[in-house]
Amino acid sequence: MTAVANPVAIRGLGTVLNGKTIFDGIDLDIPSGSVTAIMGPSGTGKTTLLRHVTGQLPFDSGSIQVFGQSVQDMALPDLYRLRRRMGMLFQHGALLTDLSVFDNVAFPLRENTDLPESLIRTLVLMKLQSVGLRGAAGLMPAQLSGGMARRVALARAIALDPELIFYDEPFVGLDPIAVAAVVELIRTLNQTLGITSVVVAHEIEHLRRVADRLIVLSGGKVIAKGPIDEVLANPQPMVRQFLGGLSDGPVPFHYPAPPLATEFGLGGVR
Amino acid sequence: MAANRSFEIGTGLFIVLGFAALVFLATQTTNLAGYRVGESYALKARFTNIGQLKERAPVKLAGVTIGSVRSITLDGAVLDAVVTLDVDRRFAELPDDSSLSIYTSGLLGDQYVAIKPGGSPEFLGDGDEFMLTESSVQLEELIGKYLVGGEGGNRDQGTSGNE
Amino acid sequence: MSLFGDLTASLMDFIRRLGAMGLFLGRILAAIPVSLRRFRLHVRQLWFIGAMSLTIIMVSGLFVGLVLGLQYYTALSQFGASGALGTLTALSLYRELSPVVAALLFSGRAGTAITAEIGLMRSTQQIEAMEMMAVDPIRYVVAPRFLAATLAMPLLCVVFSALAIMGAHWSAVLWLGLDNGIYWSSMVGSVDFASDLLAGVFKALVFGVLIALIAVFQGFTAQPTGEGVAYATTRTVIHSAIAVLAFDFILTAFLM
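Protein chains in written order, with our numbering: chain A, 887 to 1156; chain Y, 9 to 171; chain D, 11 to 266.
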């Protein structure tokens, strides 16, 4: 449990999935206590990156260190021990559908600790209180709205008091009020508990309210990283296109294709 | 937790039902039926031919099953088959001049041992032997006799007589 | 040439899948002892997988028995051998029909449910979420379902037999007038408890392992999309049917 300056350190990461190069030499650090946002066009492998970091998906080259331990070639029991120090909020919450809200939050506690049931009850209600859903403890996941499900999932992710939390697309499909609640929670958890947070998303306006560092991925490379204000002011055309929301630019609007004239058999006309 | 309880009861009932079905089948439809230990006594009989009789075949008196065949051995000295029967204690009063036959149930059914009670006032006790036995009727012999038309001579005569 | 190449490729693919399933079975077996500590999970699965399949098994068993009674009576009475109806019914049920028919019904009722459920948990990231919470999904999700399906199969097979014996009694004795005593005594005289009844139950146990393994494997490795889960469910039925019939032949040839 020694404090590490960078809970996540990635060096020269390379991944090829189904013959397609996803990452081509990525270097990045997540500083302790920060809220780091990772952005990039859809399909750049932001979720894949998270799965590499948590050891769910092996990669081809480079190294990933989490809390100073290298996640590749780690035995499963060690990996599970490491994961108890991390939390993850999945895109749609990924609550266990056959358990109630209470049992979902209690699940990691019951499975990973030998705490007495009375203490588990106290802890679960405290975690639910912190996301404002103590009153929903008896509901089943099917009865929750998207925003509520994500808040319950967040309560579950912090049940084991992790030092590091990953948020995978936490804002997708939420109404503005629910987004505000999630933004608020991410900030509160970071500030009050000092949990290092990594937010993968592409909604700049929300990230501006939540993150203090920003990493932009595109084409398998890191194209910009640093404190969020510096990156947002970055003059690089590719960063500008992405942040400015322009349909065409260095990231092309057209998927690679032969020239239109050739495709239509007009190649010889000129 | 009430829901959990009902799962457990239902699952328990399911397992009980499975074993009840097994017990039902075992005691009603297999050789384990009527198999009672310690309530029977043994009787012996000698046959010159037991045909297709098998161990655990039923022993019947007037068509009612009262026991089963325990073992079948060959007496090497006399070259007879020795059949040991387990007979239910409730039928302990079999006259000692009763006779035994080996019959077939139906044309193609299994063979069983039938007891024809005699009239003697003395009864057979545990380990006693039947004096009168009638061997299994061999279908082939019957057919052979029928084709030859009598004494059941050798096969060459049988076929030539038929032509 | 290309046909030969295709055949080689699909053979290699088959062997690779077989190997993957074998490794998966190893992981499940290794997880079962620890998994048994969560005994409630196993009870719950035995309820959903076993007890909930009872209706279809019992109704089908009854009808199979009714039909056997009618068919055998018609066929046997031509030879004056209707006395052997009980024997024939019991032997064909115990040794062959009950394990196979119950297994095919079970793969349709419970095997598909297992695949769909695990596939859905995969596609909604519940499996990944468990892994992230340092809970082995093999231990928590797969092993209880595997064990429940394996144990349910022999129980269901016996229940199927019992209902079929009653069904045949109904049609042959109560409708067609076969003697009640002959029906039961012909079984008693020629059906062996161990080599007929228990051997059939053993077959059912083997089929239970096969269906359970195929169902959990297909669910666990399903593509995490609606379409992927649908395909996996279909594959569970097809692979189970082929595996059951092939192993039925092997077991009958070498064990019975």
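Virtual Cβ for every residue (Gly too), placed ideally from N, Cα, C.
Is the distance from the Cβ of residue i to the Cβ of residue j below 8 Å?
i	j	result
residue 217(D)	residue 257(D)	yes
residue 1090(A)	residue 922(A)	no
residue 9(D)	residue 78(D)	Because chain D spans 11 through 266 in this model, residue 9(D) falls outside it and cannot be assessed.
residue 246(D)	residue 224(D)	yes
residue 1057(A)	residue 1065(A)	yes
residue 102(Y)	residue 123(Y)	yes
residue 976(A)	residue 1045(A)	no
residue 948(A)	residue 900(A)	yes
residue 148(D)	residue 41(D)	yes
residue 232(D)	residue 129(D)	yes
residue 115(D)	residue 38(D)	no
residue 1022(A)	residue 979(A)	no
residue 76(D)	residue 177(D)	yes
residue 973(A)	residue 957(A)	no
residue 1085(A)	residue 1109(A)	no
residue 143(Y)	residue 125(Y)	no
residue 65(Y)	residue 76(Y)	yes
residue 110(Y)	residue 74(Y)	no
residue 1093(A)	residue 893(A)	no
Drop a sphere of 10 angstroms on the beta-carbon of residue i, count the other beta-carbons inside from all chains shown, and report buried for 16 or more, exposed for fewer.
i	result
residue 120(Y)	buried
residue 31(Y)	exposed
residue 1128(A)	buried
residue 1012(A)	exposed
residue 45(Y)	Because residue 45(Y) carries a pLDDT of 49, less than 50, the predicted location of this residue cannot be relied on, and no value is offered for it.
residue 165(Y)	Unreliable positioning characterises residue 165(Y) in this predicted model, as indicated by a pLDDT of 44, which lies under 50. The coordinate reading is nonetheless provided below. Classification for residue 165(Y): exposed.
residue 122(D)	buried
residue 39(Y)	buried
residue 1070(A)	exposed
residue 56(Y)	exposed
residue 131(Y)	exposed
residue 73(D)	exposed
residue 135(D)	buried
residue 228(D)	buried
residue 69(D)	exposed
residue 72(Y)	exposed
residue 179(D)	buried
residue 1061(A)	exposed
residue 28(D)	exposed
Can you tell me whether DSSP reads residue i as helix, strand or coil?
i	result
residue 93(Y)	strand
residue 1141(A)	coil
residue 123(Y)	strand
residue 155(Y)	helix
residue 27(Y)	helix
residue 932(A)	helix
residue 926(A)	coil
residue 31(D)	helix
residue 1035(A)	helix
residue 1047(A)	coil
residue 62(Y)	coil
residue 78(Y)	strand
residue 974(A)	strand
residue 1055(A)	coil
residue 131(Y)	strand
residue 1113(A)	strand
residue 1081(A)	coil
Starting from the beta carbon of residue i, find every residue of chain A whose beta carbon is closer than 9 Å, and list them in chain order.
i	result
residue 69(D)	Going along chain A, no residue has its Cβ under 9 Å from residue 69(D), so there is no contact; the nearest lies around 28 Å.
Which residues in chain A have a C-beta closer than 8 Å to the C-beta of residue i? List them in chain order.
i	result
residue 135(D)	976, 977, 978, 980
Could you tell me which chain A residues have their CB closer than 7 Å to the CB of residue i, listed as they occur along the chain?
i	result
residue 62(D)	Those within 7 Å of residue 62(D) in chain A number zero; the least Cβ separation is about 15 Å.
residue 237(D)	In chain order: nothing, as chain A lies at least about 18 Å away.
residue 106(D)	Within 7 Å Cβ-Cβ: nothing; residue 106(D) doesn't reach chain A, min ~37 Å.
Please list the partners that residue i has in chain Y, where partner means a Cβ-to-Cβ separation under 7 Å.
i	result
residue 203(D)	34, 38, 39, 40
residue 54(D)	15
What does residue i reach in chain D if we use C-beta pairs closer than 8 Å?
i	result
residue 66(Y)	195, 198, 199
residue 993(A)	143, 145
Which residues in chain D sit within 9 Å of residue i, going by Cβ to Cβ distance?
i	result
residue 87(Y)	Correct list: empty, because the minimum Cβ distance to chain D is about 28 Å.
residue 942(A)	138, 141, 142
residue 1007(A)	Neighbours of residue 1007(A) on chain D: none; closest Cβ ~18 Å, over 9 Å.
Given a limit of 7 Å on CB to CB distance, which residues of the segment 152-182 of chain D reach chain C? Among the chains of the structure shown, chain C does not appear; the protein chains present are A, Y and D.
State whether the segment 919-936 of chain A contacts the segment 1093-1110 of chain A, with contact taken as three or more CB pairs (one from each stretch) at a distance under 8 Å. yes
With three or more C-beta pairs closer than 8 Å as the rule, is the segment 1014-1032 of chain A touching the segment 985-1002 of chain A? yes
Would you call the segment 187-207 of chain D in contact with the segment 14-23 of chain D, where contact means no fewer than 3 C-beta pairs closer than 8 Å? no
Three or more C-beta pairs below 8 Å linking the segment 185-192 of chain D and the segment 13-29 of chain Y: Taking a contact to require three or more Cβ pairs closer than 8 Å, the segment 185-192 of chain D and the segment 13-29 of chain Y do not qualify as touching.
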